[in-house]
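Have a look at the structure below, then the notes.
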Amino acid sequence: MSDATPEAPRPAEPAHPDGRGEGPDETAGAPGEGPREDPYEAAGPAPLGVGRTPTGRPAVDALLDRLAAADHLTADGHLGVYEDVHRSLRAELTALDAPRAPAPPRPYDNRS
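Under my numbering, the first residue of the sequence shown carries the number 8, and numbering increases by one thereafter.
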């Protein structure tokens, strides 16, 4: 064992030679750069740039185009757009399963 005691921590050195400040400014970048951005701060809205192939059904294509409206919203605003488009797409799919009206009767039977 050693009788030596651990060295006491030294006080923080001032950031400036004249003693201003407690330590280096952690939000500042290199000289002349200005403050750094917080790496944990949410990024602003930006388009995803996902390509879309037309379906051939104008109503469905119009609904899918509405998803581009979410590009300018923050992430918490996407939910309303997605739910609205999802609800409308379900209605379109349900309409495909609905029974079609019978064809109108012919005025006469052509047997030629």
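Where a beta carbon is used, it is the ideal one built from N, C-alpha and C, also for glycine. Note that the structure is a prediction, hence the values are computed from the model and not measured.
Alpha-carbon to alpha-carbon, P109 and H79: H79 and P109: Cα-Cα distance of roughly 45 Å.
Beta-carbon separation of L103 and L70 under 8 Å? No, these two residues do not count as a Cβ contact at 8 Å.
With DSSP run on the structure shown, which of helix, strand or coil describes E48? E48 carries a coil assignment under DSSP once its states are collapsed to helix, strand and coil.
Helix, strand or coil, according to DSSP, for G84 in the structure here? Three-state result, G84: helix.
Residue range of the unbroken alpha helix (DSSP H) whose run includes V67: Per DSSP, V67 belongs to the alpha helix (DSSP H) from P65 to R73.
Cα-Cα separation, P46 to P54: CA-CA distance, P46 to P54, rounds to 20 Å.
Under the assumption that A76 contacts V88 (Cβ atoms under 8 Å), give the Cβ distance between them as a whole number of angstroms. The pair is a contact, with the Cβ atoms about 6 Å apart (cut-off 8 Å).
Please classify V92: does DSSP put it in a helix, a strand, or coil? In the structure shown, V92 sits in a helix (DSSP, three-state: H, G or I).
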